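Comments concern the structure below.
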Amino acid sequence: MKIKITPKTVTVVLLSLMVLSVGLYMVERSVDFFNSEFAKNESDFRGYIVVLFARLFMIAGWLAIILSLFFRGHFKDIEKPKTDILELNEKLEKLEKKRFSTKP
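Residue -16 in this note's numbering sits at position 1 of the sequence shown, with consecutive numbering throughout.
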């Protein structure tokens, strides 16, 4: 079985690795917290919950940004912006040459 490497496949693999690595890190930190003496203190537990939800919302935000860009087609042709800028630069150079060559 041969897997085709497409931009969609690469994006899915990278997103999966990102979510998996951050998720495993959060699980590890949670286990460390609950095995420590700080887990018995209610104020430390509240701080832990705040940090946990802040990280979850940050991950959700990054995923939302990446997925929205992906579904809008920003990763389909990554060379297009470069060629557009080069074409615009060539047009500007032609206009400048034309403007300076017509002055007396």
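The beta-carbon is built from N, C-alpha and C at its ideal position, and this holds for glycine as well.
Everything numeric in this text was worked out from a predicted model, so none of it was measured.
Quick one, which of I42, I(-12) and V(-7) has its alpha-carbon nearest F53's? For the purposes of this step, residue 53 is taken as the residue at position 70 of the sequence shown. Across the set I42, I(-12) and V(-7), the C-alpha of V(-7) shows the shortest separation from the C-alpha of F53.
Let's see if you can read the secondary structure: which residues bound the alpha helix (DSSP H) around D67? As a working mapping, residue 67 is identified with position 84 in the sequence shown. K63 to T85 is the span of the alpha helix (DSSP H), which, as asked, contains D67.
Would you identify the three-state DSSP class for I48, choosing helix, strand or coil? Reading the sequence shown from its first residue, position 65 is the one you call residue 48. I48 falls in the helix class under three-state DSSP.
Taking 8 Å as the threshold, find out whether the region -10 to 6 comes into contact with the region 38 to 51 through three or more Cβ pairs. yes
For T(-6), the three-state DSSP class (helix, strand or coil): In the sequence shown, counting from the first residue as 1, residue -6 sits at position 11. Shown here, T(-6) sits in a helix according to DSSP, grouped into three states.
Can you check which of these residues, A22, P(-10) and F36, is closest to M9 by C-alpha distance? Your numbering for residue 9 matches position 26 in the sequence shown. The shortest C-alpha separation from M9 is found at F36.
According to DSSP, is K(-13) part of a helix, a strand, or is it coil? Numbered from 1 along the sequence shown, position 4 holds the residue referred to as residue -13. K(-13) falls in the coil class under three-state DSSP.
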